[in-house]
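S.K.: Encoded as structure tokens, here's the structure I'll be asking about.
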């Protein structure tokens with residue numbers, strides 16, 4: 638888990654989107670709204686998997702668009718081995 642995935646402002650929208658997507662999937666699959674233990678277990682497993690998927694896909698997008706925001710180590714301006722060789 639990356640440092641950005643531990644932030645509440647990143648995790649909360651992912652959790653809400655996953656819950657909404659799970660409700661949409663349940664309606665599309667015509668799963669009856671019984672609100673039993675089995676329904677909650679299936680909902681939790683589906684929402685958890687969707688939340689991890691959305692979180693990972695958003696992290697990849699941030700890594701591509703703003704590497705410093707996705708991972709602090711990428712924001713440090715350390716010269717690469719290639720740039721050191723070019724200076725010689």
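Numbering (my numbering), first residue to last: 638 to 725.
Every residue, glycine too, gets a C-beta built ideally from N, C-alpha and C.
#1: Around the C-beta of residue 696, are 16 or more other C-beta atoms found within 10 angstroms, so that it is buried, or is it exposed?
#2: Since residue 679 is in the alpha helix (DSSP H), which residue starts that stretch and which ends it?
#3: In angstroms, rounded to a whole number, what distance separates the CA positions of residue 657 and residue 669?
#4: On the CB-based measure, 16 or more other CB atoms within 10 Å of its CB, does residue 651 come out buried or exposed?
#5: Looking at the unbroken alpha helix (DSSP H) that takes in residue 642, where does it start and where does it end?
#6: Within a Cβ cutoff of 7 Å, which residues of the same chain sit near residue 691, ignoring the five residues on either side of it in sequence?
#7: Residues in the same chain with beta-carbon distance under 7 Å from residue 688, minus the five sequence neighbours each way, listed in chain order, please.
M.R.: According to the data block:
#1: Residue mapping note: residue 696 aligns to position 59 of the chain shown, counting from 1. By the neighbour-count rule (16 or more Cβ atoms within 10 Å), residue 696 is buried.
#2: For the purposes of this step, residue 679 is identified with residue 42 of the chain shown, where counting begins at 1. Residues 674–702.
#3: Counting from one through the chain shown, the residue named residue 657 turns up at place 20. Counting from one through the chain shown, the residue named residue 669 turns up at place 32. Across the structure, residue 657 and residue 669 are spaced so that their CA atoms are roughly 16 Å apart.
#4: On the chain shown, position 14 is the one that residue 651 refers to. Burial call: buried.
#5: To locate residue 642, count along the chain shown from 1; it is residue 5. Run containing residue 642: none; DSSP gives neither H nor E here.
#6: As a first step, residue 691 is located in the chain shown; it is residue number 54 there, counting from the start. Hits under 7 Å: 651, 654 and 655.
#7: As a first step, residue 688 is located in the chain shown; it is residue number 51 there, counting from the start. Excluding sequence positions up to five before and after residue 688, its CB lies within less than 7 Å of the CB of 651, 652 and 655, all in the same chain and listed in chain order.
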